[in-house]
Amino acid sequence: MDKAIRNDIYEQAVKWVLEAGTIIRDEMNAPLSIETKSNPNDLVTVLDKRIEAYFVQKIKEKYSNHFIIGEEGYGDSVTSLDGTVWIIDPIDGTMNFVHQKRNFAISVGIYQDGIGEIGIIYDVMSDILYHAKRGEGAYKNEQELPQLKSNVKLTNAIIGMNHFWLCENRLVDEKTMQEFVRKVRGTRTYGSAALEFAYTAEGIEDGYLSLRLSPWDVAAGIVIVNEVGGVTTDIAGNEVNMLEKSSILACNPILKDDLIAFIQSGRK
Ligand code: 2AM
Ligand code: CA
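Numbering of the sequence shown is given in the UniProt record's numbering, commencing with residue 1 and proceeding in unit increments.
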């Protein structure tokens, strides 16, 4: 992607993300009608929809030839990553948004012909913007994030994951995962995939595991994690397909082989 074009898209995207954050903060205490999607714990509110519709309207107005993949379905029916594709989660961590009013993020990844060019993750309540352009480093607000540490091993690693790992026998072996929780220094669950990617990029988590995420949960995070030398695959080490749901491992590259070997070790 041409640098001048990319800079223009980036500036515009950051502006819209910050504006969307302001809308969420202004409106979040009004009574919210909460609906469920795939299951009773898969929540969506009027604000998830409104924020996605806001992005779609702005993008279509300014960049009529760009495509949009969005969690709430206001975007296009995208079947290929050709061209410029915005991959948007208007509120990642909706359960946190509803129950805690914090620890949720706006996530915007912008891909050109399948390559992640721009990643933006905005922690709305903390007013922290994680952002990156491919090849130009990752930033937390104005501060450039350093490359990931070179002295991490499983026994001193903090890994983000949720507790479904301990009662999920289809993708992993639950006994192995119980051993895993004991083996690593600590595990954390923040409830927003986008924020877990941001924390992995920041080096305050050394990796993040998820059993099943959608493209909008990870698109921005992958770009940001790449810029500090991190890697993202599925939990068997395969490349992530940005058009499908997938298990996810994002981590310091030093840990990747050990993490995959450990997780897969108990599988029959
Ligand atoms: P959401 O809040 O946008 O739904 C919580 O562990 C993380 O997983 C959040 O980022 C959440 O995104 C995502 N998540 C929750 N349920 C999911 C599902 N059924 N499919 C994909 N991602 C999901
Ligand atoms: Ca969401």
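All C-beta atoms, glycine included, are put in the ideal place defined by N, C-alpha and C.
Asked: Taking just the CA atoms, how far does V240 sit from S64?; Found: 28 Å
Asked: Which runs of the alpha helix (DSSP H) spanning at least 4 residues fall entirely within the stretch 236-268, listed in chain order?; Found: 253-265
Asked: Does the beta-carbon of A194, which I'm using as the reference point, lie nearer than 7 Å to any heavy atom of ligand 1?; Found: yes
Asked: Would you call the stretch 93-108 and the stretch 189-205 touching, i.e. three or more CB-CB distances under 8 Å?; Found: yes
Asked: Mapping the DSSP letters down to three states, classify Q178 as helix, strand or coil.; Found: helix
Asked: Drop a sphere of 10 angstroms on the beta-carbon of A30, count the other beta-carbons inside from all chains shown, and report buried for 16 or more, exposed for fewer.; Found: exposed
Asked: In the DSSP assignment, the alpha helix (DSSP H) including F67 goes from what residue to what residue?; Found: It is not in any alpha helix (DSSP H) - F67 instead sits in the beta strand (DSSP E) that spans 67-70.
Asked: Checking 8 Å against the spacing of the C-beta atoms, do E227 and A138 come in under that value?; Found: yes
Asked: Here's a check: name, in chain order, each residue in its chain whose Cβ is nearer than 7 Å to the Cβ of E58, leaving out the five neighbours to either side.; Found: A quick correction: the sequence has Lys, not Glu, at residue 58. Here the set comprises W16.
Asked: As a quick exercise: from G114, Y54, K245, pick the residue whose alpha carbon is nearest that of V223.; Found: G114
Asked: When we look at the beta-carbon of K153 and count the other beta-carbons within 10 Å, is it buried (16 or more) or exposed?; Found: exposed
Asked: Can you tell me which of the three DSSP states R25 falls into?; Found: helix
Asked: What does DSSP give as the partner residues of Q112 in its beta bridges?; Found: T84, I115
Asked: Tell me which residue opens and which closes the beta strand (DSSP E) that A132 is part of.; Found: 128-133
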